[in-house]
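What follows is a single structure, written as structure tokens, with notes after it.
Protein chains in written order, with the working numbering: chain A, 1 to 304; chain B, 305 to 698.
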């Protein structure tokens, strides 16, 4: 029972982390109508920036804070140079162009930092464990990730639902020409929005650094999961991204944790191991298929 | 007039002869094709194999065993398709006689058969999948580094020597992962309290770590190469388990690039290898000094394997006077002798052209300069040979 609770907590924590990655993606996808495969590259840049600054200054917090403006700047530069030309093109062109960006950034990072993974760690106070569930020591750093994820969800909700900028963003997503006609500089708004999305990717990357290997191509695996999350949640919906991320996190973790054991009660151990491992890595895609059959536009479609 | 034409014809003939003579000279240069992995996250493996190999060539001023060599290097990007294209080009257009360089076991099943079919020699500096050591062994196929399983057999024996009687083991759900766990179990012989297969390229290991905590084994063995192993170690340390349930690993999980990425988290981790920086033999000392002078960095185990591969080729070229495909039987016999000083100490080939050599136990410590080093603590197995040699009918 304790193990079940611990795995549930692990699943929720993975979900919150996936939300961090998916939030920026769903904003850009849903509001700007842009498929941005380079989101994983921004995540990687965030991690490299955070690792480098952390190693220079010796402070994880400084590294984390430095990563945000850096990824925002890179994001806005991408929007200015590449994305602007893609708003009126179809999704295939966007996929091709942003896939090109992935290759470009992977090579660029390899040229600057090299291919071996970078060192990154957190201060000792975050390196310990805390007993949230009695008897189960839980890494403090993972608790911090949960905290940051909840904070991001609140900030996003606040900005989009409660502020004037959020109102313009929502209006711009559905009635782009009308907002422009009313005197709002929609180009600048989109550049800022793209930078805003990039910040979330950078934040997720910086937060991932102490937990994962900081290396070239680290964004690609995460990107696929993030797409699964936003497809399940409903493209463009921040609420959908949160629910989708938690669902994916819990299903993935529970699948890995209990499927092989469950199968062993029915099958010989060797087969159960193989089938269990296969099934648990498929679990989230099965989840996605089921959700799409039930609700073809995802759980919380953004526009009617 | 007629005379002049005749003279001109003579001149042309002389020139042609000169060119033909020149190309005959060039043919004495032995061409070696290196299909290796220089890009992707694992690109440093191929870079180090290449640099180790080229160090041996440069030491002799562009020769191996006194024979001029031309080494062509191409990046396979860890993709079998790309490896195939490069190999075909090497064999057909460039007429290479020796193919080497392959890092990964998903590339060798493509590159090796092509090379062997063309009658050229395949000499692996890294990858050693089980099929080529057993049923599919070939007279012109040589593996210098190891047979894949032996890496993990050494880890299993090391764990046993360290006194552990129960272990929790995990690896990614693909062939090399399954082979690794089989290899470990073959020599560990203790109780396996948990055996888990993870996703290839997995980033989050919280679920597996919770299982390990729940099973509470004496030790953990994993084969999570590259970034996966770094992800696991970072999360394992943060979960506070490293000091309670120690890790015993194989060589690819603890090279110095990985140690740089995880820092002090690596301290005290037991691992095993067929080579180490601190091995006390003249060949190794010369190799270390030469490598650091030429490239300004510390070599990884992959560089040592590239260097050994070049030295092996040099010994055979010297014995046959540069004849490779011109006299394949002589070249093969020379390779089989392995008449060179390996940087890893005693080295010879088994009947299936895979190494019989020593495995060393190591532990990660802090050196005098504060940097992490792998310190050799002893010999795990003497003259260790792979388990597939019996299946090889050559």
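Backbone N, C-alpha and C fix where the C-beta goes; we use that ideal spot for every residue, glycine too.
Where does residue i fall in DSSP's three states?
i	result
residue 320 (chain B)	Confidence in residue 320 (chain B) is poor, its pLDDT being 46 and thus under 50, which makes the residue's placement too unreliable to answer from.
residue 475 (chain B)	strand
residue 667 (chain B)	strand
residue 658 (chain B)	coil
residue 678 (chain B)	strand
residue 281 (chain A)	helix
residue 91 (chain A)	helix
residue 52 (chain A)	helix
residue 293 (chain A)	helix
residue 518 (chain B)	helix
residue 273 (chain A)	helix
residue 266 (chain A)	coil
residue 132 (chain A)	strand
residue 406 (chain B)	coil
residue 367 (chain B)	strand
residue 480 (chain B)	helix
residue 443 (chain B)	coil
residue 523 (chain B)	strand
Give every residue of the same chain whose Cβ lies closer than 8 Å to the Cβ of residue i, excluding the five residues on either side of it in the sequence, and list them in chain order.
i	result
residue 328 (chain B)	Bear in mind that a pLDDT of 39 at residue 328 (chain B), under 50, signals an unreliable position, so the model cannot answer this.
residue 15 (chain A)	245, 246, 247, 248, 249 and 250
residue 469 (chain B)	494, 495 and 522
residue 361 (chain B)	367, 368, 373, 375 and 614
Just confirm the distance between the C-beta atoms of residue i and residue j, as a whole number of angstroms; I'd bet it's less than 8 Å.
i	j	result
residue 387 (chain B)	residue 353 (chain B)	In fact, because the Cβ distance is near 14 Å, the residues do not count as touching under 8 Å.
residue 324 (chain A)	residue 133 (chain A)	For chain A, the structure presents residues 1 to 304; residue 324 (chain A) sits outside this window and is missing.
residue 507 (chain B)	residue 476 (chain B)	Rounded, the Cβ-Cβ distance is 12 Å, inconsistent with contact.
residue 93 (chain A)	residue 86 (chain A)	6 Å
residue 368 (chain B)	residue 617 (chain B)	5 Å
residue 45 (chain A)	residue 202 (chain A)	7 Å
Residue i to residue j, Cα distance in whole Å?
i	j	result
residue 564 (chain B)	residue 242 (chain A)	35 Å
residue 490 (chain B)	residue 437 (chain B)	17 Å
residue 536 (chain B)	residue 509 (chain B)	6 Å
residue 331 (chain B)	residue 638 (chain B)	For residue 331 (chain B), the predicted model reports a pLDDT of 48, less than 50, meaning its position is unreliable and no value from the coordinates is stated.
residue 574 (chain B)	residue 459 (chain B)	9 Å
residue 643 (chain B)	residue 494 (chain B)	38 Å
residue 76 (chain A)	residue 192 (chain A)	7 Å
residue 534 (chain B)	residue 119 (chain A)	10 Å
residue 694 (chain B)	residue 656 (chain B)	9 Å
residue 294 (chain A)	residue 231 (chain A)	13 Å
residue 486 (chain B)	residue 455 (chain B)	11 Å
residue 263 (chain A)	residue 286 (chain A)	17 Å
residue 612 (chain B)	residue 594 (chain B)	14 Å
residue 622 (chain B)	residue 630 (chain B)	14 Å
residue 343 (chain B)	residue 139 (chain A)	34 Å
residue 579 (chain B)	residue 681 (chain B)	12 Å
residue 17 (chain A)	residue 651 (chain B)	49 Å
residue 514 (chain B)	residue 3 (chain A)	7 Å
residue 215 (chain A)	residue 182 (chain A)	46 Å
residue 355 (chain B)	residue 341 (chain B)	13 Å
residue 582 (chain B)	residue 685 (chain B)	18 Å
residue 268 (chain A)	residue 110 (chain A)	46 Å
residue 517 (chain B)	residue 211 (chain A)	18 Å
Taking 7 Å as the limit between beta carbons, can you name the residues of its chain near residue i, skipping five residues before and five after?
i	result
residue 144 (chain A)	126
residue 400 (chain B)	335, 336, 337, 376, 394 and 424
residue 171 (chain A)	179
residue 480 (chain B)	409 and 452
Which same chain residues, not among the five before or five after residue i, have their C-beta less than 6 Å away from its C-beta?
i	result
residue 27 (chain A)	197
residue 658 (chain B)	437, 447, 451 and 690
residue 325 (chain B)	In this prediction, residue 325 (chain B) scores a pLDDT of 42, lower than 50, which makes its location untrustworthy; the coordinate-derived value is nonetheless stated afterwards. No residues qualify anywhere along the chain.
residue 91 (chain A)	35
residue 105 (chain A)	41
residue 653 (chain B)	640 and 642
residue 313 (chain B)	A caution first: residue 313 (chain B) carries a pLDDT of 49, below 50, which makes its placement in the model unreliable, though a value can still be read off. Hits under 6 Å: none found.
residue 603 (chain B)	595
For residue i, list the residues DSSP reports as bridge partners.
i	result
residue 554 (chain B)	B:576
residue 102 (chain A)	Paired residues: none, contrary to the question.
residue 495 (chain B)	B:470
residue 237 (chain A)	Paired residue(s): none; residue 237 (chain A) is not in a bridge.
residue 373 (chain B)	B:334
residue 247 (chain B)	Not covered by the structure: residue 247 (chain B). The range shown for chain B is 305 to 698.
residue 138 (chain A)	A:130
Could one say the Cβ of residue i lies closer than 8 Å to chain D's Cβ atoms, at least one of them?
i	result
residue 486 (chain B)	This model lacks chain D altogether; the protein chains it does include are A and B.
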